[in-house]
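*Asks:* If you're matching positions, the sequence shown starts at 46 in this note's numbering and goes up one per residue.
Quick reminder that beta carbons are idealized off the backbone N, C-alpha and C, glycines included.
Predicted model only: the values in this text are computed from it and were never measured.
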Amino acid sequence: MSQVKAYGAQDKDADLKQIDIERREVKDKDVKIQITYCGVCHSDIHTVRNDWGGSKYPVVPGHEIIGKVVEVGNQVSNFKEGDLVGVGCMVDSCRECDPCKNDLEQFCENGMVGTYNGKDKHLGGHTFGGYSEMIVVEEHFVLSIPKNLDEKAVAPLLCAGITTYSPLRHWNVQEGDKVGVIGLGGLGHMGIKLAHAMGAKVVMITTSPKKAEDAKRLGADEVLISKDEEAMKKHANSFDFLLNTVPVKHDINPYLALLKIDATMVMVGAIEPLEPMHGGSLIMGRKRVAGSLIGGIKETQEMLDFCGEHNVVSDVEVIDMQNINDAYERVVNSDVKYRFVIDMESLRN
Ligand code: NAP
Ligand code: ZN
Ligand code: ZN
46 MSQVKAYGAQ DKDADLKQID IERREVKDKD VKIQITYCGV CHSDIHTVRN DWGGSKYPVV
106 PGHEIIGKVV EVGNQVSNFK EGDLVGVGCM VDSCRECDPC KNDLEQFCEN GMVGTYNGKD
166 KHLGGHTFGG YSEMIVVEEH FVLSIPKNLD EKAVAPLLCA GITTYSPLRH WNVQEGDKVG
226 VIGLGGLGHM GIKLAHAMGA KVVMITTSPK KAEDAKRLGA DEVLISKDEE AMKKHANSFD
286 FLLNTVPVKH DINPYLALLK IDATMVMVGA IEPLEPMHGG SLIMGRKRVA GSLIGGIKET
346 QEMLDFCGEH NVVSDVEVID MQNINDAYER VVNSDVKYRF VIDMESLRN
């Protein structure tokens, strides 16, 4: 075991502070990674603040991890010392159940192990995430990073990227489809970029008129202000697909009105009870609401390769570890452009 520096919260009302955590020794199939950058996902905040219940303390968040391989186990074949690699939201799963065998580790029937707040079978207790100097992860859950992409801007692809890529692919978004992305934060801005790269006509649906210019720069063809009832009426029954990234309980009925017949809105943001949905919102137009959780490891690599090919990365604001608590406040106030990424060198100093 080795002790490394990390940033964690001791309870749901506490600020994040520097703490020491243990990392296991490298086993046969393990890759030891010196973390260089880690993205800040809204899920980190939900977990620290116990918004979903069940958080285990101390919480050391972080599941958008980029780093350099510093050691590999005897049986590791895909990585070597010096490689630039990534780790996303999962660090383990049973690898034997049907979802695991079908590259859907995120739905492992025996429970996938989250990068943080998961059950740590090696050291006992729970897992600690990427707000730390170092992490040890089994090879299967380590991703290769395309060499042409900027290291710090690639970090958010490991969660925000795959969470938006996977539903766009699963629901078969095609060139020319009219796709609406709801909520311009970390996930939303990747949703715009990826849907645009897939050739869709992208409409950014936002509560923040001041983000309109940015949305267009990121690849949106049009911007729709969701509070503008007249504008919403003009877009009624016109979308082939909607990706909803809103992070809190909200009324989805106005968005359902935007879907074409048989079209689907996929929820990725609000993992909690929603405001009541009117049956008529679905019945009139045979509409669908669905959900999606990150993506499997194979699809995550496919997404990273797609981003390498299309030169897609995140728009990031790099911060020092010591500024994390301010960054959290800004994310909660929808004031992030468009993903905070922690420079982990600041923790080592
Ligand atoms: P974020 O950066 O905070 O972005 C969320 C955006 O939603 C905000 O910037 C804001 O955009 C909009 N919004 C906020 N409150 C709203 C409200 N009350 N009504 C309508 N729109 C609102 O968050 P994120 O990191 O993208 O994460 C989004 C959510 O996805 C979080 O809940 C996170 O936990 C979840 N998540 C899920 C998965 C998954 O696998 N399903 C993976 C990662 C994250 P505008 O200013 O443009 O309106
Ligand atoms: Zn995340
Ligand atoms: Zn499994």
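Output needed for residue 157: all residues of its chain with C-beta closer than 8 angstroms, excluding positions within five of it in sequence on either side, in chain order.
*Replies:* In the sequence shown, the residue the question calls residue 157 occupies position 112. The residues are 135, 137, 138, 150, 151, 163.
*Asks:* Closer than 8 angstroms is the cut-off here; do at least three beta carbon pairs connect the segment 292-311 with the segment 325-335?
*Replies:* yes
*Asks:* Could you compute how far the alpha carbon of residue 61 sits from the alpha carbon of residue 295?
*Replies:* Counting from one through the sequence shown, the residue named residue 61 turns up at place 16. Counting from one through the sequence shown, the residue named residue 295 turns up at place 250. So the two alpha carbons sit approximately 28 angstroms from each other.
*Asks:* Using a Cβ-based criterion (distance less than 7 angstroms to any ligand heavy atom), does residue 139 qualify as near ligand 2?
*Replies:* What you label residue 139 is simply residue 94 of the sequence shown in a count that begins at 1. Flag unset: Cβ of residue 139 not near ligand 2.
*Asks:* Residue 290: which of 275, 252, 266, 283 sits nearest, CA to CA?
*Replies:* Reading the sequence shown from its first residue, position 245 is the one you call residue 290. Nearest option by C-alpha distance: 252.
*Asks:* Might you give, ordered along the chain, the residues of its own chain that have their beta carbon closer than 6 angstroms to the beta carbon of residue 126, omitting 5 neighbours on each side?
*Replies:* Position 81 of the sequence shown, counting from 1, holds the residue named residue 126. Once the five neighbours on either side are set aside, the close Cβ partners of residue 126 are 114.
*Asks:* Does the separation of the CB atoms of residue 82 and residue 357 fall below 8 angstroms?
*Replies:* Looking up residue 82 in the sequence shown gives position 37. Looking up residue 357 in the sequence shown gives position 312. For residue 82 and residue 357, no; Cβs fall outside 8 angstroms.
*Asks:* What does the alpha-carbon distance come out to for the pair residue 279 and residue 287?
*Replies:* Locating residue 279 in the sequence shown gives position 234, counting from the first residue. Locating residue 287 in the sequence shown gives position 242, counting from the first residue. Going from the Cα of residue 279 to the Cα of residue 287 covers about 16 angstroms.
*Asks:* Using DSSP with H/G/I as helix, E/B as strand and the rest coil, what is residue 290?
*Replies:* In the sequence shown, counting from the first residue as 1, residue 290 sits at position 245. Looking at residue 290 - three-state DSSP - the assignment turns out to be coil, as it is neither helix nor strand.
*Asks:* Using only alpha-carbon positions, find the residue among 231, 118, 153, 120 that is nearest to residue 372.
*Replies:* Residue numbering aside, residue 372 sits at position 327 when the sequence shown is read from its first letter. Considering only alpha carbons, the answer is 231.
*Asks:* Taking Cβ to Cβ, would you say residue 178 is nearer than 8 angstroms to residue 79?
*Replies:* Against the sequence shown, residue 178 aligns to sequence position 133. Against the sequence shown, residue 79 aligns to sequence position 34. Yes, the Cβ-Cβ distance between residue 178 and residue 79 is below 8 angstroms.
*Asks:* Please give me, in chain order, every unbroken run of the beta strand (DSSP E) with length at least 3 that falls completely inside the segment 116-185.
*Replies:* 129-132, 135-137, 179-183
*Asks:* Mind checking residue 316: buried by the 16 CB within 10 Å criterion, or exposed?
*Replies:* Working through the sequence shown from its first residue, we reach residue 316 at position 271. Burial call: exposed.
*Asks:* Between residue 86 and the rest of its own chain, which residues show a CB-CB distance below 7 angstroms, the 5 nearest in sequence each way excluded?
*Replies:* Locating residue 86 in the sequence shown gives position 41, where the first residue counts as 1. Closer than 7 angstroms at Cβ, skipping near neighbours: 108, 109, 204, 205, 231.
*Asks:* Per DSSP, what kind of secondary structure is residue 302 in: helix, strand or coil?
*Replies:* In the sequence shown, residue 302 corresponds to position 257, counting from 1. Correct three-state label for residue 302: coil.
*Asks:* Beta-carbon separation of residue 103 and residue 55 under 8 angstroms?
*Replies:* For the purposes of this step, residue 103 is taken as the residue at position 58 of the sequence shown. For the purposes of this step, residue 55 is taken as the residue at position 10 of the sequence shown. Yes, Cβ-Cβ distance for residue 103 and residue 55 is below 8 angstroms.
*Asks:* Starting from the Cα of residue 255, find the closest Cα among 239, 379, 122, 57 and give me that residue.
*Replies:* Locating residue 255 in the sequence shown gives position 210, where the first residue counts as 1. Nearest option by C-alpha distance: 379.
*Asks:* Give me, in chain order, the residues of the same chain whose beta-carbon lies closer than 7 angstroms to that of residue 346; leave out the 5 immediate sequence neighbours on both sides.
*Replies:* If you number the sequence shown from 1, residue 346 lands on position 301. Cβ within range, chain order: 188, 189.
*Asks:* When we look at the beta-carbon of residue 235 and count the other beta-carbons within 10 Å, is it buried (16 or more) or exposed?
*Replies:* Taking the sequence shown and counting its residues from 1, one reaches residue 235 at position 190. With 16 or more Cβ atoms within 10 Å of its Cβ, residue 235 is classed as buried.
*Asks:* Tell me the DSSP secondary structure of residue 236 in three-state form.
*Replies:* In the sequence shown, residue 236 corresponds to position 191, counting from 1. Three-state result, residue 236: helix.
*Asks:* Looking at ligand 2, does it come within less than 7 angstroms of residue 88, judged from the CB to the closest heavy atom?
*Replies:* Position 43 of the sequence shown, counted from the start, is the residue given in the question as residue 88. Flag set: Cβ of residue 88 near ligand 2.
*Asks:* Say yes only if the C-beta of residue 134 is nearer than 7 angstroms to one or more non-hydrogen atoms of ligand 2, and no if none qualify.
*Replies:* Working through the sequence shown from its first residue, we reach residue 134 at position 89. Yes; taking the cut-off as 7 angstroms, the Cβ of residue 134 has a heavy atom of ligand 2 nearer than that.
*Asks:* Does DSSP put residue 266 in a helix, in a strand, or in coil?
*Replies:* Within the sequence shown, numbered from 1, the residue matching residue 266 stands at position 221. In the structure shown, residue 266 sits in coil (DSSP, three-state: anything other than H, G, I, E or B).
*Asks:* Taking the alpha-carbon positions, what's the residue 323 to residue 222 distance?
*Replies:* Taking the first residue of the sequence shown as 1, we reach residue 323 at position 278. Taking the first residue of the sequence shown as 1, we reach residue 222 at position 177. Whole-angstrom Cα-Cα distance: 26 angstroms.
*Asks:* Taking the alpha-carbon positions, what's the residue 326 to residue 298 distance?
*Replies:* For this step, residue 326 is matched to residue 281 along the sequence shown. For this step, residue 298 is matched to residue 253 along the sequence shown. Going from the Cα of residue 326 to the Cα of residue 298 covers about 6 angstroms.
*Asks:* Check for me: the beta strand (DSSP E) holding residue 249 runs from which residue to which?
*Replies:* For the purposes of this step, residue 249 is identified with residue 204 of the sequence shown, where counting begins at 1. 246-251 is the span of the beta strand (DSSP E), which, as asked, contains residue 249.
*Asks:* Using the DSSP secondary-structure output, state which residues sit across from residue 67 in a beta bridge.
*Replies:* Counting from one through the sequence shown, the residue named residue 67 turns up at place 22. DSSP output for residue 67 lists 48 as bridge partner(s).
*Asks:* Grouping DSSP H, G and I as helix and E and B as strand, with all else coil, what is residue 112?
*Replies:* One-based indexing of the sequence shown puts residue 112 at position 67. It is a strand residue.
*Asks:* Along the chain, where does the alpha helix (DSSP H) containing residue 375 start, and where does it finish?
*Replies:* Numbered from its first residue, the sequence shown carries residue 375 at position 330. Bounds of the alpha helix (DSSP H) holding residue 375 are 369-377.
*Asks:* According to DSSP, is residue 189 part of a helix, a strand, or is it coil?
*Replies:* As a working mapping, residue 189 is identified with position 144 in the sequence shown. Strand.
*Asks:* Here's the rule I'm using: 16 or more other beta-carbon atoms within 10 Å means buried, otherwise exposed. How should residue 355 be labelled?
*Replies:* Numbered from its first residue, the sequence shown carries residue 355 at position 310. Under this definition residue 355 is an exposed residue.
*Asks:* If I follow the unbroken beta strand (DSSP E) through residue 224, where does it start and stop?
*Replies:* Mapped onto the sequence shown, residue 224 falls at position 179. 223-227 is the span of the beta strand (DSSP E), which, as asked, contains residue 224.
*Asks:* Helix or strand or just coil, what does DSSP make of residue 332?
*Replies:* For the purposes of this step, residue 332 is taken as residue 287 along the sequence shown, with counting starting at 1. Note: residue 332 maps to coil in three-state DSSP.
*Asks:* From the DSSP output, read off the bridge partner residues of residue 310.
*Replies:* The residue you call residue 310 lines up with position 265 of the sequence shown. In the DSSP output, where bridge partners are listed per residue, residue 310 has 287, 334.
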